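S.K.: Numbering (the numbering used here), first residue to last: 33 to 260.
Glycine is no exception: its CB is placed at the ideal position from the N, C-alpha and C atoms.
Note that this is a predicted model, so its numbers are computed, not measured.
Sending over a structure as structure tokens; questions will come in a sec.
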Amino acid sequence: MRWETHLHTKEGSACASASAAEMAKTCKEAGYDGMFVTDHFYHGNTCVDRDLPWEEWARQFSLGYYHAKEIGDRIGLRVCFGWEYSWDGNDFLTYGLSPQWLAAHPETVRVTPYEYLKLIREAGGCIVHAHPFRQEWYVKMIKLLPDLVDAVEVYNGGNHEDVYNDRALWYAESFGMKQTSGSDTHWSGVFTGGILTDCEMNSTEDYGGIIRSGGITGLIRAGKDCPF
33 MRWETHLHTK EGSACASASA AEMAKTCKEA GYDGMFVTDH FYHGNTCVDR DLPWEEWARQ
93 FSLGYYHAKE IGDRIGLRVC FGWEYSWDGN DFLTYGLSPQ WLAAHPETVR VTPYEYLKLI
153 REAGGCIVHA HPFRQEWYVK MIKLLPDLVD AVEVYNGGNH EDVYNDRALW YAESFGMKQT
213 SGSDTHWSGV FTGGILTDCE MNSTEDYGGI IRSGGITGLI RAGKDCPF
């Protein structure tokens with residue numbers, strides 16, 4: 033199976049230009065079997081009003097996932113929920129927890145980043161450090177936390193320099209960490225990353241186990257399948 037693991041929709045991310053429905057359709061057309069919606073979370077570039085009561089904020093934030101899943105169910109594309117947590121420009125993809133779990137845990141936006149990473153994993157979630165060596169104006173300092181994440185995104189299609197991916201691969205290999213890949217696409221029709229797996233994955237809860245057990249059999253890099 034080919035999975036897109038890093039994708040943004042205009043329902044949840046202020047910097048995305050495509051709707052969740054468009055993303056689902058073009059992801060299927062690009063040959064993927066499934067995708068994760070990972071919109072920018074509360075402290076990142078979200079387009080959801082932070083003044084809303086928490087449960088309503090979480091509901092609106094999850095609309096990208098629900099809209100994509102509605103289309104995915106019609107066209108045979110599996111759609112899973114996730115989000116991208118930001119810390120001074122350092123981003124951590126969060127998987128393994130449902131929209132209902134998120135709505136029931138407003139503390140996710142109040143605790144420190146260290147506490148957040150621990151909270152997610154203790155709750156059964158999974159953390160992937162996204163594009164850890166990206167250098168942009170909004171990245172105040174590169175932060176590496178190998179003991180608090182489950183994997184490293186060693187290929188990110190949104191990186192403007194190949195060296196950012198090269199350094200992420202060096203980091204993962206140096207610490208013996210699991211590796212993932214994602215397109216980080218913000219508009220439809222651009223899918224260059226993702227993972228390959230022989231394991232069944234039907235919900236976000238399945239992904240952490242696949243990562244930890246070595247169930248990822250290859251990565252998609254620049255649109256090419258690269259088995260391990």
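Using a Cβ-Cβ distance under 7 Å, would R91 count as near chain E?
M.R.: This model lacks chain E altogether, as it is built from one protein chain only.
S.K.: Would DSSP call R253 helix, strand or coil?
M.R.: DSSP places R253 in strand when its eight states are reduced to three.
S.K.: Is it true that the CB of K60 sits closer than 7 Å to the CB of I107?
M.R.: In this structure, K60 lies closer than 7 Å to I107 by Cβ.
S.K.: With DSSP collapsed to three states, give me the class of E185.
M.R.: If DSSP states are grouped into helix, strand and coil, E185 belongs with the strands.
S.K.: Just confirm the distance between the C-beta atoms of Y187 and S213, as a whole number of angstroms; I'd bet it's less than 8 Å.
M.R.: At roughly 4 Å, the Cβ-Cβ gap stays under 8 Å, so Y187 and S213 are in contact.
S.K.: Would you call the segment 71-78 in contact with the segment 114-127, where contact means no fewer than 3 C-beta pairs closer than 8 Å?
M.R.: Short answer: they touch.
S.K.: In or out: A155 buried (at least 16 other Cβ within 10 Å) or exposed?
M.R.: Answer is exposed; the Cβ neighbour count stays below 16.
S.K.: Using a Cβ-Cβ cutoff of less than 6 Å, which residues in the same chain neighbour G121 once the five nearest sequence positions on both sides are dropped?
M.R.: The answer, listed in chain order, is Y170, V171 and K172.
S.K.: Name the DSSP beta bridge partners of P259, please?
M.R.: P259 is bridged to G250.
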